[in-house]
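I have placed the structure first, in the form of structure tokens, so that the comments after it can refer back to it.
Numbering (my numbering), first residue to last: 57 to 204.
Here is the structure:
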């Protein structure tokens with residue numbers, strides 16, 4: 057990760073594309089973000105940086121989906137570059153959020169591990185996940201099931 061993407065995120069935009077079936081890539085050149093069309097709303101896997109939320113929304117639109125249909129956000133882990141966009145998306149669209157129980161402390165007592173302090177970044181967009189998930193737990197939405 058570089059300071060450059062935080063200061064000039066538009067330089068790192070990636071064209072969104074369909075990977076296979078109902079799975080799409082909507083991340084940038086630096087951080088993967090995936091979108092799943094479940095037939096009963098959209099499921100997002102990670103959110104990228106807070107600075108790149110607008111690029112994420114643009115990618116969703118470009119693929120023909122409506123961001124207001126986002127229902128679930130599954131977070132692979134609690135680092136700044138993967139959960140940075142959660143709070144604005146939850147505030148805009150009321151998404152339910154899912155984070156592994158083992159990562160919950162990253163949002164509170166171990167919050168220094170959430171961002172990369174070498175770049176002088178601070179992360180003050182605290183959110184409380186809707187669901188703390190366990191290894192092996194299955195999350196279902198529409199025609200899609202994801203096993204943690």
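Glycine is no exception: its CB is placed at the ideal position from the N, C-alpha and C atoms.
Please identify the residue among the options whose C-alpha is closest to the C-alpha of residue i.
i, options, result
"residue 106", "145, 95, 119", "145"
"residue 150", "75, 193, 185, 114", "185"
"residue 127", "67, 162, 93", "93"
"residue 109", "152, 79, 62, 77", "62"
"residue 119", "78, 88, 68, 194", "78"
"residue 137", "80, 199, 89", "89"
"residue 65", "111, 194, 99, 204", "111"
"residue 139", "121, 163, 117", "163"
"residue 121", "80, 152, 161", "80"
Check whether the Cβ atoms of residue i and residue j sit closer than 7 angstroms, and answer yes or no.
i, j, result
"residue 101", "residue 154", "no"
"residue 59", "residue 70", "no"
"residue 115", "residue 82", "yes"
"residue 198", "residue 141", "no"
"residue 183", "residue 157", "no"
"residue 125", "residue 91", "no"
Taking all protein chains shown into account, do 16 or more other C-beta atoms lie within 10 angstroms of the C-beta of residue i, making it buried, or fewer, making it exposed?
i, result
"residue 201", "exposed"
"residue 73", "exposed"
"residue 131", "buried"
"residue 174", "No answer about residue 174 holds up, because its pLDDT of 46 lies below 50 and its placement is not dependable."
"residue 148", "exposed"
"residue 75", "exposed"
"residue 191", "exposed"
Rounded to the nearest angstrom, how far is the Cβ of residue i from that of residue j, given a contact under 8 angstroms?
i, j, result
"residue 134", "residue 96", "The pair is not a contact, with the Cβ atoms about 27 angstroms apart (cut-off 8 angstroms)."
Does the beta carbon of residue i fall short of 6 angstroms from some heavy atom of the ligand ADP?
i, result
"residue 144", "Annotation note on the ligand ADP: not contained in the displayed structure, which lists no ligands."
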